[in-house]
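Taking this note's numbering, I'd label the letters of the sequence shown as residues 29 to 463. Beta carbons are placed, not taken as given, at the ideal position from N, Cα and C, and that holds for glycine. Notes to accompany the following structure.
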Amino acid sequence: MEKPIASSQNRRRQCWECHRRRLVCDFSLPGCRKCYTAGVECPGYDDKKPLKWVTTGEVTSRPRKKIVQPSTAKQHVSEGTSDSQDESWSLSVPRDRLITEPGAIVEAAYYSENPFITAFPMESLQAIPPPIHCTLVSLALSHRFYRLLPRNSRNDLRGIEAKHYQHRGQAIRYLKDEIGRPDKCRTDKTFVGVMMLLFSDVGTMEHALTRSSIGVISNTTSPPSDHISLGSDIRSIDVISQMYAGGFFPVLLCPPALLANIIRINHLRLQAFSQPSTESEGKALALLGRITAFSPEQWAMSCAAPEMGIILGHVYRSAVILYCILSLQSLCVLPRTAQLRSMTVTHTKELFEYLKQACGAPGIGKCMLWPLVVAAVCAGGDLGMQQFVNRQLSALGTDIGTPLPLLAAVVSRNFWESKSRTWDACFERPYCFVV
């Protein structure tokens, strides 16, 4: 028979179940008799309340509402002035965290900094399938996390991060169940749910599986040891040339000729890391000459809007030249000569000059993430350039509704604070800055 034990300073006076039910616990071991009589598992007497997983939509408790005076209310997470201005016209939605189901989808839909979510009419929210429901909430939480990260530590934001992974995991479980059912595995709802989850991965994650489809650009911001083979394989140049000849590479609006040179740079970086050769410098200088010879004006003649084509051509030519010089110098493939230093300074100025035009232009401003990342590496010692890059990345994250630009801003600030100036010092882990 279980015997009550004397209360101790190191133990709770009640088990957590008796505490919840407001009962007097008899403090028996291994579990109290009141829980046994009620037919529930005694949660024990630990100092910390044990976790309990609940299904979506289930409510375990309804705490009393506390009346907080506006003058004395404290923010859970620090906010900038721009957020307080947004509050004046948006609904009263907690800016630091999203509540649990079922209110989370409503708050995610009204989340003012994620314009793609607000495209859903409020009357249709109840009809959204559960996988899409959870993915939308996860996307809003992820965006909020990176929005607040520059002004807060990860520990302060752990609750937001945990909820993001909880909703994302729930979406995966829903999709797993639907894919396993013959009557649902081929429906449009299941297909849209899978596609939305994959697209949210592209916008929030840096996993190798996500990066494989856009490895060309992800390899530029990843250490050579983490390169995806497809993104550094020169055999893929012919395929890209055939698919996008005379047009844009759709992920970047990058001229295909310059994209092919990005692949060649990735290939040289991978070779320099795995099989160093004395011939690498000559190949790198020849490649740099080919990139410099690219004419934005001539390429723009084939574009539907030549004026925009000239801006895009100059932005990406300068960005690719800077990537070529800085990334190959980081691996000691190119020497640090006065001539290359002069080219770096010249094309850094040109990149910022045309970025200011591109970021303010309708249509192409949303496709400037990768050039802005290159500009961030080049803005190491210039406060004005740093402020421009930081401002544009923050605005881009708000405009397109994905946390990737906000993550790029965090990476850039960490790089500037480190006082390092090499390319690989900025990207010590794999990133995928493609929208």
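Beta carbon of residue i nearer than 9 Å to that of residue j
i	j	result
residue 221	residue 193	no
residue 158	residue 190	no
residue 433	residue 422	yes
residue 296	residue 322	no
residue 431	residue 171	yes
residue 361	residue 309	yes
residue 425	residue 174	yes
residue 455	residue 163	no
residue 348	residue 289	yes
residue 225	residue 196	yes
residue 460	residue 420	no
residue 301	residue 252	yes
residue 398	residue 462	yes
residue 284	residue 268	yes
residue 372	residue 350	yes
residue 400	residue 383	yes
Distance between beta carbons of residue j and residue i, contact taken as under 8 Å
i	j	result
residue 468	residue 339	The first residue shown for the chain is 29 and the last is 463, placing residue 468 beyond what the model contains.
residue 178	residue 437	7 Å
residue 188	residue 169	6 Å
residue 375	residue 346	4 Å
residue 255	residue 298	5 Å
residue 408	residue 444	6 Å
Residue environment, residue i, which counts as buried when at least 16 other CB atoms sit within 10 Å
i	result
residue 442	exposed
residue 319	buried
residue 207	exposed
residue 166	buried
residue 330	exposed
residue 451	buried
residue 257	exposed
residue 358	buried
residue 246	buried
residue 182	exposed
residue 100	Low per-residue confidence applies at residue 100: pLDDT is 41, beneath 50, and the placement is therefore not dependable, though the value from the model is reported in the following sentence. Classification for residue 100: exposed.
residue 70	buried
residue 328	buried
residue 353	buried
residue 55	buried
residue 406	buried
residue 219	exposed
residue 262	exposed
residue 244	buried
residue 120	Reliability fails at residue 120, whose pLDDT of 37 lies under 50, so the model's placement of it is uncertain and no value is given.
residue 307	exposed
residue 52	exposed
residue 141	Bear in mind that a pLDDT of 47 at residue 141, under 50, signals an unreliable position, so the number given afterwards is only what the model happens to contain. That one is buried.
residue 186	exposed
residue 303	exposed
residue 223	exposed
residue 73	buried
residue 435	buried
residue 154	exposed
residue 317	exposed
residue 57	exposed
residue 42	buried
residue 34	With a pLDDT of only 45 at residue 34, under the threshold of 50, the placement of this residue in the model should not be trusted; the figure read from the coordinates follows. Exposed, since its Cβ has fewer than 16 Cβ neighbours within 10 Å.
residue 45	buried
residue 369	exposed
residue 76	exposed
residue 417	buried
residue 213	exposed
residue 62	buried
The ligand NAD heavy atom lying under 8 Å from the CB of residue i
i	result
residue 301	The ligand NAD is not part of the structure shown, which contains no ligands of any sort.
Quick one: any contact between the region 364–382 and the region 339–355, if contact means 3 or more CB pairs under 8 Å?
The region 364–382, when compared against the region 339–355, does touch it at the 8 Å Cβ threshold.
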